[in-house]
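**Student:** Residue numbers for the sequence shown follow this note's numbering, beginning at 178 and rising by one.
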Amino acid sequence: VQGCGKSLSAKAVEREWQFPLLRLDLASAFGDGAQRPEAVLREAIQVAESVAPAVLWIDEIEKGFAASKQDATASRVLGSFLTWLSEKRSPVFVVATANDVTGLPPELLRRGRFDDLFFVDLPTLSERIEVLGIHLRKHARDPLHFNLESLAIAAERLTGAEIEQVVTAALYAAFSESREIREADILQAIEETVPIYDTYEERIKELRDWARGRARPASLDAKIVDLFSAG
178 VQGCGKSLSA KAVEREWQFP LLRLDLASAF GDGAQRPEAV LREAIQVAES
228 VAPAVLWIDE IEKGFAASKQ DATASRVLGS FLTWLSEKRS PVFVVATAND
278 VTGLPPELLR RGRFDDLFFV DLPTLSERIE VLGIHLRKHA RDPLHFNLES
328 LAIAAERLTG AEIEQVVTAA LYAAFSESRE IREADILQAI EETVPIYDTY
378 EERIKELRDW ARGRARPASL DAKIVDLFSA G
């Protein structure tokens, strides 16, 4: 689900392993006026292997490979990528993120291509509490001065990104009145936020249905980073 931390997952691997993180934006590679996508992929792989051990983060992978059945260029790039993924010997850890996996070709998602698949859903209650605390501390506010659990309950359908914006909006509201932020400011910002879930409820349900049985629910793991550490 958009705004729930897919990009942060890639950055968490970088922080945990202390490897350089290289981001490959397939949307730009396949966009109008871009170089040949084959050359972009080849260069990205060469750079990653030259600085290995490294993390290669393929952002919005669906923007490049979803149309591989209809587009000859996308099909060639996908073939080259899958060959490299299967045969690579250099220590390049590949993380791919997508906002919409339903259109990806099955050969990309079959077991063995990637070590595991994770579905990043809306944050749970405990995760919302943690996210609120993170962003309050980020702005030098003590989370202990707020009832984070009640605020997290009110923010039930919000993404992590939306919770971040809620805290920012509450701070602006307090600043505009030349006072310190209050719990009521955060609650009001929550109430004024239209969650992406409300706008795309059916689409999110479709993604959940797709993920059931195909992907590991990220929230059921204590920390995704723990899995990376075990590797």
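Every residue gets a Cβ at the ideal spot worked out from N, C-alpha and C, and that includes glycine.
(1) With distances taken from CA atoms, which of Ala273, Asp277, Glu304, Ala189 is nearest Arg290?
(2) Is it the case that the region 198-205 contacts the region 217-234, given that we only count it when at least three CB pairs across the two stretches are under 8 Å?
(3) Which full runs of the alpha helix (DSSP H) of 4+ residues lie inside the region 203-275, going along the chain?
(4) Between Thr336 and Ile373, is the Cβ-Cβ spacing less than 8 Å?
(5) According to DSSP, is Arg162 part of a helix, a strand, or is it coil?
(6) Measure how close the beta-carbons of Leu294 and Arg213 come, nearest whole angstrom, since I'm counting them as under 8 Å.
(7) Which residue marks the beginning of the alpha helix (DSSP H) containing Thr376, and which one marks its end?
(8) Using only the alpha-carbon positions, how far apart do Glu369 and Glu378 sit?
(9) Based on the DSSP output, what are the partners of Phe196 in its beta bridges?
**Tutor:** By the coordinates alone:
(1) Ala273
(2) yes
(3) 203-206, 214-228, 239-242, 249-264
(4) yes
(5) This structure cannot settle anything about residue 162, because the visible part of the chain is limited to 178 through 408.
(6) With a Cβ gap of about 29 Å, Leu294 and Arg213 do not count as contacting.
(7) 373-376
(8) 18 Å
(9) Its beta-bridge partners do not exist; DSSP assigns none.
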